[in-house]
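Chemist:
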Amino acid sequence: MSRSLESAAGASASPAEGRVDLKVFISHRDSVCGKCRRQIGHGAWILLAGGRGALCLACADLDHLTFLPSGDAALTRRARKHTQLCAVVLKFSRARRRYERQGLLVEGEALAQAKVECLADDDARKRRRQREVARREEVDQRFVEQFAQSVRAMFPGCPRGREVAIAQHACRKYSGRVGRSAAAKELDERAIRLAVAAHIRHIETDYDALLAKKRSRAAARRQVAERVEQVLATWRTT
Numbered sequence: 138m139s140r141s142l143e144s145a146a147g148a149s150a151s152p153a154e155g156r157v158d159l160k161v162f163i164s165h166r167d168s169v170c171g172k173c174r175r176q177i178g179h180g181a182w183i184l185l186a187g188g189r190g191a192l193c194l195a196c197a198d199l200d201h202l203t204f205l206p207s208g209d210a211a212l213t214r215r216a217r218k219h220t221q222l223c224a225v226v227l228k229f230s231r232a233r234r235r236y237e238r239q240g241l242l243v244e245g246e247a248l249a250q251a252k253v254e255c256l257a258d259d260d261a262r263k264r265r266r267q268r269e270v271a272r273r274e275e276v277d278q279r280f281v282e283q284f285a286q287s288v289r290a291m292f293p294g295c296p297r298g299r300e301v302a303i304a305q306h307a308c309r310k311y312s313g314r315v316g317r318s319a320a321a322k323e324l325d326e327r328a329i330r331l332a333v334a335a336h337i338r339h340i341e342t343d344y345d346a347l348l349a350k351k352r353s354r355a356a357a358r359r360q361v362a363e364r365v366e367q368v369l370a371t372w373r374t375t
């Protein structure tokens, strides 16, 4: 057994009445069931049973359970609450070098009951999600406005309206841009300057044309660096 599999094999505690969940692994190598001696191929679901090695789900007495994929938090929470026997399904990610949760194995009756409960309050949960989305959008919009105000304060010579465009671009959700950084959320001057410099690079220089000519990003940045600094200096003055 590999060390990473060994470390992941311990049972995990469940919040439901202090129950301890079993762990089932999606095998990434061929092995043999330690009880029935049947070949367990790549991609099979196994339970690690200490000295007996890997067990197929039939020999582990788990083959009557139903798989519930990850993704629906309410359904998962309720199914886990109603099932007496539960197993967490894990699969090894070669990219991240760790075992990642794929879902749960639960009793069929528990899953059916959870689905009924979720259907009963589906509208209420949708309204709650909509309120949460609206709240996050309101918070994000306030941050964009604050960021734009900081751009205008630091660069009073910036053409009117550009501060909004800079803030919206830099603070776009999930973009990984400077406006999403922790420093930017504190309205750090360096983060704001980087956002303004990026805007100038794309709008006030021929940087994009240089990239289109297959210049490297580093070479293109060096070529426009002087122009970027000139515009930054101009915008700092009223």
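Heads up: the sequence shown runs through residues 138 to 375, numbered per our numbering.
Yeah, the Cβ is synthetic: ideal placement off N, Cα and C, and Gly gets one too.
Here the structure is a predicted model, which means the values were calculated and not measured.
Relative to the alpha-carbon of glycine 187, which residue among Lys172, Asp209, Ala181 has its alpha-carbon at the smallest distance?
Modeler: Considering only alpha carbons, the answer is Lys172.
Chemist: For valine 243, list the residues DSSP reports as bridge partners.
Modeler: Answer by DSSP bridge pairing, in chain order: Thr203.
Chemist: Near alanine 181, which residues of its chain fall below 6 Å by C-beta distance, leaving aside the five closest residues on each side in sequence?
Modeler: Here the set comprises Ser164.
Chemist: From the DSSP output, read off the bridge partner residues of tyrosine 236.
Modeler: Answer by DSSP bridge pairing, in chain order: Phe229.
Chemist: Please state whether DSSP places alanine 193 in a helix, a strand or coil.
Modeler: In the sequence under discussion, the amino acid at residue 193 is cysteine, which differs from the alanine named in the question. Strand at cysteine 193.
Chemist: Following the continuous beta strand (DSSP E) through leucine 184, name the residue where it begins and the one where it ends.
Modeler: Residues 182–185.
Chemist: Can you list, in chain order, the residues of its chain whose CB lies under 6 Å from that of glutamate 254, leaving out five sequence neighbours each side?
Modeler: Counting only Cβ-Cβ distances below 6 Å, and skipping sequence neighbours, we find Arg215.
Chemist: What does the alpha-carbon distance come out to for the pair glutamate 366 and leucine 348?
Modeler: If I take the Cα positions, the gap works out to 19 Å.
Chemist: Run through the DSSP bridge pairs and tell me what serine 168 is partnered with.
Modeler: DSSP lists Ile177 as partners of serine 168.
Chemist: I'd like to confirm the pairing. Which residues does DSSP put opposite valine 161 in its beta bridges?
Modeler: DSSP output for valine 161 lists Leu184, Val226 as bridge partner(s).
Chemist: With distances taken between CB atoms, is the gap from phenylalanine 292 to glycine 240 smaller than 9 Å?
Modeler: Against a cut-off of 9 Å, the Cβ pair of glycine 240 and phenylalanine 292 comes out as no contact.
Chemist: Is it true that the CB of alanine 224 sits closer than 9 Å to the CB of leucine 242?
Modeler: In this structure, alanine 224 lies closer than 9 Å to leucine 242 by Cβ.
Chemist: Evaluate alanine 357 with the Cβ neighbour count: other Cβ atoms within 10 Å of its Cβ, from every protein chain shown; 16 or more gives buried, anything less gives exposed.
Modeler: Looking at its Cβ environment, which holds 16 or more other Cβ atoms inside 10 Å, alanine 357 is buried.
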